[in-house]
Every structure is written in C-alpha cells, then in structure tokens.
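Colleague: I have a structure I would like to understand better, so I am pasting it below and will then ask my questions one at a time.
Protein chains: 2
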Amino acid sequence: MPNNVVFDLAKLRRNCAQCSLHQLCLPAGIGQDDLDRLDAIVHRRRPLARSERLYRIGDPMEALYVAREGSFKTVAINSDGEEQIIGFHLPGELMGLDALGTGLHRCEAEALGPAQICEVPLEALGDVIHAIPGLGTQMLRVIGRSVARDQDHLEMLGRRQAQERIAMFLHGLSERFRSLGHPATEFSLPMSREDIARFLGLVIETVSRGFTRLQDEGVIKVRGRQLRITDPQQLESLAIGPSDALRDHSCSRSA
Amino acid sequence: MPNNVVFDLAKLRRNCAQCSLHQLCLPAGIGQDDLDRLDAIVHRRRPLARSERLYRIGDPMEALYVAREGSFKTVAINSDGEEQIIGFHLPGELMGLDALGTGLHRCEAEALGPAQICEVPLEALGDVIHAIPGLGTQMLRVIGRSVARDQDHLEMLGRRQAQERIAMFLHGLSERFRSLGHPATEFSLPMSREDIARFLGLVIETVSRGFTRLQDEGVIKVRGRQLRITDPQQLESLAIGPSDALRDHSCSRSA
DNA sequence: CGTGTGATTGAGATGGGTCAACCTCAGTGG
DNA sequence: CCACTGAGGTTGACCCATCTCAATCACACG
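In order, the protein sequences belong to chains A and B. Quick note, the first sequence lines up with residues 1 to 255 if you use our numbering. Quick note, the second sequence lines up with residues 1001 to 1255 if you use our numbering.
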C-alpha cells in the first residue's frame, strides 16, 4: 500500500482537508509546515469490514480516530448485556473521546459497513498540540461539538415522544449528509433498524412503525435502508419544536 | 470578605487541593510555582443565591466554573420550553464545558441553593495550559470524566425502567457524596423532585412513587429532601445490574 | 428453492404519563 | 396562638404510548 510515499501524503492531505480534522488543524490559517507535521503523524489503517471493531470496552486509549470512509457506531454495554448506542459516526467524524477520562475505552466502536479510518496516535497528539499553536484550542472545539451532540441526544431521550425522536433522527442524519456534500434528501441509512432503535431508546418495532407512519403522512419514502425525504419542511417541523409547529399552524390561521 | 488577601489565597489553595481542580493541577507532582500561578488566575465570585444563574443559554463562554460550596444544575431548554436537566454539580465539580463547541453556552447553570464558585477565566486558561506541562492532559481527563458521565446518563435514559433510574440516581449521588468526604448513607438532596424528574426523563409523580416504593422495600428512608439509605447493598444491586441481581439470587439458590 | 436475517404488521399487556385531590409544612398576618 | 396561604410533595384513578409477543413478509445467499 505505501508504494509511493509522496503520493500517499498528498492524497492524505487532501483527505484531511475535507474531513473533520480540517476543523482540528486548518481554521486559524495553519501553515504548510504544521500541516506537514500533522500529516506525518496521522496513520491509516487497513480497511475494516462490517462489524469489525476499532476498539472494545476496556481497551487502553491509543489514538483518536476519524472515519475516512464508511460509518461507525459507538456502543455502550451495561452489566446485563443491554446495548445503548451512544452515537453514529459518518465519514469525517471523530471517535475515541470516550476514553479521555480513564484512559480506557468505555464504548465499542464498530464499523457499520466496509470502512477506512485515519488514526492520530495519542502520544504524538500531545506533542503536536504543543508544537502547533491553536491546535489545542481547535481540539477543544471538536470535543465540545461531541459533548454538544451527546447533550442533544440526552434531551431527546429525556423528553421526546417516539415519533419526534424518529423525525429528529432522520432530520439530523440528513443535515449531516448535507454537510458532507451528499444529497440531503436521498440517501441510504448506514445502520439497521435495531441500531436506530437502540440509539433512540426505543424498540425496533416502534421504529418500524414510526417510519411507516412518516411514509403514510407523505414525509418520507422508505424501502429497506433506502430513504427519500419527500417533505423536508414537514420533517424539520416534526423534528424541531413539535408543539411549535402546531402553534405555528394555529397562529398563522388565527392571526 | 476579602479583608486579608494572603489568608484568602492560602485558603483558596487549600480548597483547590480538595476540589476537582486538584485532579486538574496536582496529580503529576506539580511544583509550588505552578500551583501559585494557577492560584493566581482562579477568581472567586460573590456568593450566589438559590436559583441565581452562573450563565444562561447563549452567553459567550468566559470561564470554567467549579462549585466551591453548594450545588448546581445545568439545564437545557428546547424550542417548546421543555427543560431537560443535563447534570447536577456538587461541590468540587466542573461546569461550563457545554460551550466548548461553539463558544456559546447551550445550557443554563443554576444554583440549587446558596453557593460559591471558583472561576478559571478562559484566556488565562490557555496560557496556563501551555505554561504548565501536563495540565492540558489533566484537563482532557477532567473533560473525559464529564463526557463519561453524560454517556452513563444516556445509557440510563435509553434503556432503564423508572425504578432502576431512581435507584441509579440515588446510588450515584451517594457515591459522589462519599468521594466528597460526606456521609454516603445519609444526606439531604440538594434538588427538588421536579429536578430529579427532569434529570431522569420522568415526571414528578413517578419519582415520588419510586421513592415511596424504595422506602416500602426498606431500601431508603425519605422525608422531604432528607434521605437515609438503609440498605446500601440492595440499592447498589438495584442500580447496577438489575437483572444480574435477580440472576444472582436465583443462581445462588439453585447452584 | 430452502434458509436465515432483517423488517413490517397486528393484537394484547403494561409502565408510566395525565389529571386531580390531598397532604405537609413554612411563612405570614390577624 | 391560630388561621390562611402557597409551594412542594404524595397518592389515587384512569388512559395511552410504547413494549411484548407472535406471525408474516422481503430479500439476499448458498
């Protein structure tokens, strides 16, 4: 694979520019030197197959990972074997922060399909953070986004009805695809219904019924994992501020 | 109150040693110089009264905060005004990470009772992190613990029954009191039933019933906010691995 | 053309939400 | 000293969203 190192580096750099690492290294107008230094420490790993794991619960933290191709899920498993999906990670998104606290991973990261990743070894990271001004701040920002996502997730599990959760999930996924440059209204779900259910704190049948209902309402069109959002507006209003949406309707009629 | 500055600083340092900042600055055998430097940037603020807010949603991030006396809650409020409590913060625990991502706070931090805090101004923090080797790593560790707590919370909201949630909550609170050097089996709840409900993703009546039921089962004794854990063992087995506990019982009898 | 895995659908059971009454107690004022 | 008041907490009755259990479907794969 490393048949041509120069070519490889160039390709890597191009990739970094369009993955979440670009938010980690580029924004403050990073120089070419620093960029090279960063590129030099980023490892690639052999491709992963579906259901292969990047790390398991209890593994010592060795690196931060970025999905380069393919998607991942991070899963927490409690004492009685129940799984809770903590997050899904599309190409360009970060994984591995769960071990920051203890140095041991508390989740599993599992490929949802064939995948490739970039890996930033932990010890190298410390050096580079010190060497490149602003990188530490940037990294905090990336971590912060991850924290924010967890908190949105919390809010969703704490207060929302099944149907709202499903709408929020699809809407969020659509936005993430959009920001990756993929079509936002037609894509294929990288994860199973089971995974969705365990992410949303629901049971698979409820997810299935929710999809069917959204389809009956003309909001989406699903067939297996293939999804088309036929009424993005409506999906959005179901997702953000469900009662707002209702209020909007009634207000605009009465006012 | 700041009648004697020298005395004040000494007191502050003593306080830092026993609050979560000690995990942030002391562990790698930090020198006296660095400790002084850290002490110098830590602000105190005037005492806060019950229901006063440290920051509000949308406020720019200015500092990290540590509860010094009294407890806090951090609350997310969604589009239709529903509140989800993201976390409770006992003395020595950190607040303010929620703004790392965007630089704007996405939660409110509100004092549950009379409280005092220490404050680490953000810009000073950056300097000190660079100046004190190992502090950055330590800070990542503290952040990691906060992430871990959010993920436990997620797991709880996603998969657990009301009664398990309540047991987990009380058990976790008890552990935190223990690690603060307070009695772990008898304490007063810093938050209302309402707050507990909104933290657990339940309604207040369910929390109340849950308490009553735990009391009927002889696990706790509650009167208002005063709580005694009469059977810590049983509480723990309800909290961690509910079905394990059941399995244990039946196994130990049959095997 | 079976066989298995994932998804959908239906029917029935139930945990916990909703609504409403009531209790407890601290604070206040007569 | 007692009655009133209001906020927080408890309890009960009812109901519904979601879970459970089970049958069926869809489709990929050997």
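Virtual Cβ for every residue (Gly too), placed ideally from N, Cα, C. Note that the structure is predicted; figures quoted are calculated from it, not measured.
In this structure, how does DSSP classify R1228 of chain B when only helix, strand and coil are distinguished?
Modeller: strand
Colleague: With distances taken between CB atoms, is the gap from Q1215 of chain B to V1222 of chain B smaller than 8 Å?
Modeller: In this structure, V1222 of chain B lies closer than 8 Å to Q1215 of chain B by Cβ.
Colleague: Can you grab the Cα-Cα spacing for the pair R46 of chain A / F72 of chain A, in whole Å?
Modeller: 15 Å
Colleague: State the Cα-Cα distance for the pair C1025 of chain B and R1209 of chain B, rounded to the nearest angstrom.
Modeller: Note that C1025 of chain B scores 49 on pLDDT, short of 50, meaning its location in the model is unreliable and no value can be drawn from it.
Colleague: Residues of the region 138 to 159 of chain A in Cβ contact with chain B at a cutoff of 7 Å, in chain order, please.
Modeller: L140, R141, I143, G144, R145, V147, A148, D150, Q151, H153, L154, E155, L157, G158, R159
Colleague: Alpha carbon to alpha carbon, what distance is there between Q84 of chain A and L1154 of chain B?
Modeller: Each residue's Cα considered, the two are about 8 Å apart.
Colleague: Could you list the residues in the region 121 to 136 of chain A with a C-beta less than 9 Å from some C-beta on chain B, going in chain order?
Modeller: G126, I129, H130, P133, G136
Colleague: By the criterion of Cβ-Cβ separation under 7 Å, what are the contact partners of Q84 of chain A in chain B?
Modeller: L1154, E1155, G1158, R1159
Colleague: Counting only C-beta atoms, is L94 of chain A closer than 8 Å to chain B at any point?
Modeller: no
Colleague: Give the straight-line distance between the Cα atoms of A200 of chain A and I166 of chain A, rounded to the nearest whole angstrom.
Modeller: Ala is not the amino acid found at residue 200 of chain A; the sequence shown has Leu there. Using only the alpha carbons, I get a separation of about 7 Å.
Colleague: Could you tell me the alpha carbon to alpha carbon distance between I1196 of chain B and L48 of chain A, rounded to whole angstroms?
Modeller: 42 Å
Colleague: When the Cα of V147 of chain A is compared with those of B:I1220, B:M1061, B:L1097, B:Y1065, which residue comes out closest?
Modeller: B:L1097
Colleague: Please decide whether D1216 of chain B counts as near chain A, where near means a Cβ-Cβ distance under 8 Å.
Modeller: no
Colleague: Let me confirm a value: S179 of chain A is counted as buried when at least 16 other C-beta atoms fall within 10 Å, else exposed. Which label applies?
Modeller: So S179 of chain A counts as exposed.
Colleague: Are there 16 or more other CB atoms within 10 angstroms of the CB of T212 of chain A, so buried, or fewer, so exposed?
Modeller: Around the Cβ of T212 of chain A, a 10 Å sphere holds fewer than 16 other Cβ atoms; the residue is exposed.
Colleague: Which term fits G136 of chain A, buried or exposed, when burial requires 16 or more other beta carbons within 10 angstroms of its beta carbon?
Modeller: Buried.
Colleague: What do you get for A1109 of chain B, buried or exposed, if any count of 16 or more other CB atoms within 10 angstroms of its CB means buried?
Modeller: buried
Colleague: Assuming G1058 of chain B and H1105 of chain B make a contact with CB atoms under 8 Å, what is their CB distance in whole Å?
Modeller: 7 Å
Colleague: Going by C-alpha to C-alpha distance, which of B:Q1163, B:G1126, B:L1094, B:L1173 sits closest to L1054 of chain B?
Modeller: B:L1094
Colleague: Apart from the five residues on each side of it in sequence, which residues of its chain come closer than 6 Å, Cβ to Cβ, to L238 of chain A?
Modeller: A167
Colleague: Quick check: the region 1224 to 1236 of chain B against the region 1174 to 1194 of chain B, are there 3 or more CB pairs under 8 Å?
Modeller: yes
Colleague: Can you grab the Cα-Cα spacing for the pair E1175 of chain B / H1182 of chain B, in whole Å?
Modeller: 10 Å
Colleague: Would you give the residue range spanned by the beta strand (DSSP E) that E108 of chain A belongs to?
Modeller: 108 to 111
Colleague: Quick check on P1091 of chain B: buried or exposed, where buried means 16 or more other Cβ atoms within 10 Å of its Cβ?
Modeller: buried
Colleague: Mind checking the region 91 to 119 of chain A against chain B and listing, in chain order, the residues whose C-beta falls within less than 9 Å of any C-beta there?
Modeller: L97, D98, A99, L100, G101, T102, G103, R106, C107
Colleague: With burial defined as no fewer than 16 other Cβ atoms inside 10 Å of the residue's Cβ, what is the status of I1150 of chain B: buried or exposed?
Modeller: According to the sequence as given, residue 1150 of chain B is Asp; it is not Ile. Classification of D1150 of chain B: buried, given that the 10 Å Cβ count is 16 or more.
Colleague: Is the separation between the beta-carbon of P1114 of chain B and that of I1041 of chain B shorter than 8 Å?
Modeller: no
Colleague: To the nearest whole angstrom, what separates the beta carbons of A1111 of chain B and E1052 of chain B, a pair I think is in contact under 8 Å?
Modeller: Indeed they touch by this definition, with Cβ atoms about 5 Å apart.
Colleague: What's the gap between the Cα of A1099 of chain B and the Cα of C107 of chain A?
Modeller: 24 Å
Colleague: Select from B:T1185, B:F1169, B:F1177 the residue whose C-alpha is nearest the C-alpha of I1240 of chain B.
Modeller: B:F1169
Colleague: Of the residues B:I1204, B:A1076, B:H1089, which one's Cα is nearest the Cα of A1162 of chain B?
Modeller: Per the Cα distances, B:I1204.
Colleague: With burial defined as no fewer than 16 other Cβ atoms inside 10 Å of the residue's Cβ, what is the status of E1194 of chain B: buried or exposed?
Modeller: exposed
Colleague: Do E119 of chain A and A67 of chain A have their C-beta atoms closer together than 8 Å?
Modeller: Going by C-beta atoms, E119 of chain A is not nearer than 8 Å to A67 of chain A.
Colleague: Classify R176 of chain A as helix, strand or coil using the three-state DSSP reduction.
Modeller: Three-state result, R176 of chain A: helix.
Colleague: Identify every residue that forms a DSSP beta bridge with R44 of chain A.
Modeller: A:C118
Colleague: Taking the alpha carbon of R50 of chain A as the reference point, which residue from A:Q116, A:G218, A:H171 has its own alpha carbon closest?
Modeller: A:Q116
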